[in-house]
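Colleague: Quick one: structure below, then a few questions.
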Ligand SMILES: Cc1cc2nc3c(=O)[nH]c(=O)nc-3n(C[C@H](O)[C@H](O)[C@H](O)COP(=O)(O)OP(=O)(O)OC[C@H]3O[C@@H](n4cnc5c(N)ncnc54)[C@H](O)[C@@H]3O)c2cc1C
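In my numbering, the protein residues as written are 63 to 445.
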């Protein structure tokens, strides 16, 4: 990358080799399909299976469960290569769900779901948000009541990434209708193929990220075996989520900084070619100053996220630091991309120019994975 002057400290010879494979696969198998996926509002299942075979799914899950057996550095390589190619397929959600299973699943659950997720046979979604409960997860109303050997689920979820493709849903439910505190929630795993009472709404019409099928999910008397509960008992859902959010927030932060780097590269190329008043745009001091600010912020962000990744690999990343990474890096991403749109002039507003797509695609980053305001609340509570 021309805009980045350093190699990440967490890279090793193995990740470099892995990166070459991932980059080739993303460029030849995934990136060319983005326009058709955008048109249909979803990726296709075949691409997931091919990606599984190529080692892009669950690279940081132990080999005994079908994963690549690497550290988070291998997942980071996949996050980076997808972002660099502008492929916003929902592999990150697959990894997040896998790590819920790895952290809280029993041996039988790990063996049942992880190998099929690694191969792409199972596509996972995570169902937390409801029409009436987003940031405030304790307001979740989807109810799972015990009936013999099953839970019976009623309720709905919204904004669910991979919603239409998913055949495995990691669902946050209320298992204690009377409880008001954090112990009301639990996590259930649902295999959705031919599941009676389960319905997927049509993909929601978003302003960006059209490759991702973001859907509503409906549950009406859905029966799921009690054995599909994640963890040793009911009432642990909120604690499990809080602990796992670190993974998601580092991934989003990394994705943000790669998007910012990509925007810079695209824009540096553009301003060296575009002419106005007999000069190229780069000859204007304003252009150089704007890009100097963007490059500085991108580089600061890169150093920060690399440090977060190192800490995460060592198991030392604090929740608050992960929140800082998610908040600060997605804010920088949006600001840098917005400046880059401005430097493209009217062309930056045209969908055929990648920078315009990056502008709409990036906007969601400040909202999901815990909104940036919620991140600041978290950071503030540590003061
Ligand atoms: C593209 C996309 C993909 C998504 N994918 C998924 C998915 O796969 N699974 C899933 O479960 N969810 C998903 N979501 C949902 C996402 O996690 C929620 O949108 C997010 O948590 C915010 O919840 P909300 O939309 O209900 O907003 P609200 O919670 O209603 O928040 C509205 C505004 O109020 C602010 N606010 C709320 N509480 C506070 C507070 N305490 N202090 C200060 N400000 C506050 C928020 O920051 C925000 O600005 C996705 C969303 C998008 C846009």
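Using N, Cα and C, we set each Cβ at its ideal position, and we do this for glycine too.
Return the Cβ separation of residue 58 and residue 387 in integer angstroms, given the expectation that the two are a contact with Cβ distance under 8 Å.
Modeller: Only positions 63 to 445 of the chain appear in the structure, and residue 58 is not among them; the question remains open.
Colleague: Going by alpha carbons, who is nearest to residue 449 out of 268, 257, 323?
Modeller: Absent from the structure is residue 449, since the part of the chain shown begins at 63 and ends at 445.
Colleague: Near residue 212, what residues of its chain come up, given a Cβ to Cβ distance below 7 Å and the 5 sequence neighbours on each side ignored?
Modeller: Correct list, in chain order: 285, 286, 287, 288.
Colleague: Check this for me: beta carbons of residue 228 and residue 215, under 7 Å apart or not?
Modeller: Cβ atoms of residue 228 and residue 215: not closer than 7 Å.
Colleague: Residues bridged to residue 223 by DSSP?
Modeller: According to DSSP, which records beta bridges pairwise, residue 223 is partnered with 276.
Colleague: Please report the straight-line C-alpha distance between residue 145 and residue 87, rounded to a whole angstrom.
Modeller: If you take the alpha carbons of residue 145 and residue 87, they lie about 13 Å apart.
Colleague: Given this structure, state the Cα-to-Cα distance separating residue 181 from residue 139, to the nearest angstrom.
Modeller: Straight-line Cα distance between these residues: approximately 18 Å.
Colleague: Applying the 10 Å Cβ sphere with the 16-neighbour rule, what's the burial state of residue 90?
Modeller: Exposed, by the Cβ-count rule.
Colleague: Measuring alpha carbon to alpha carbon, tell me which of 162, 155, 177 ends up nearest residue 187.
Modeller: Ranking 162, 155, 177 by Cα distance to residue 187 puts 155 first.
Colleague: Only counting the same chain, and skipping five residues up and downstream in sequence, which positions put a Cβ closer than 8 Å to that of residue 95?
Modeller: Excluding residues within five positions, the ones whose Cβ falls inside 8 Å are 105, 106, 109.
Colleague: Pop quiz: residue 200 and residue 300 are said to be a contact at Cβ under 8 Å. What is the actual Cβ separation, rounded to whole angstroms?
Modeller: Confirmed, Cβ separation roughly 7 Å.
Colleague: Check each candidate in 267, 119, 327, 148 and name the one with the smallest Cα separation from residue 356.
Modeller: The residue with the shortest Cα to Cα distance from residue 356 is 327.
Colleague: Put residue 253 into one of helix, strand or coil per three-state DSSP.
Modeller: In this structure, residue 253 counts as strand in the three-state DSSP scheme.
Colleague: Can you tell me which of the three DSSP states residue 330 falls into?
Modeller: DSSP places residue 330 in helix when its eight states are reduced to three.
Colleague: Report yes or no: do three or more beta-carbon pairs, one from the segment 395-402 and one from the segment 437-444, lie closer than 8 Å?
Modeller: In short, these stretches do not touch, since the Cβ pair count stays below three.
Colleague: From the DSSP secondary-structure annotation, give me the bridge partner or partners of residue 405.
Modeller: Paired residues: none, contrary to the question.
Colleague: What residue does the alpha helix (DSSP H) around residue 84 start on, and which one ends it?
Modeller: First-last of the alpha helix (DSSP H) with residue 84: 75-87.
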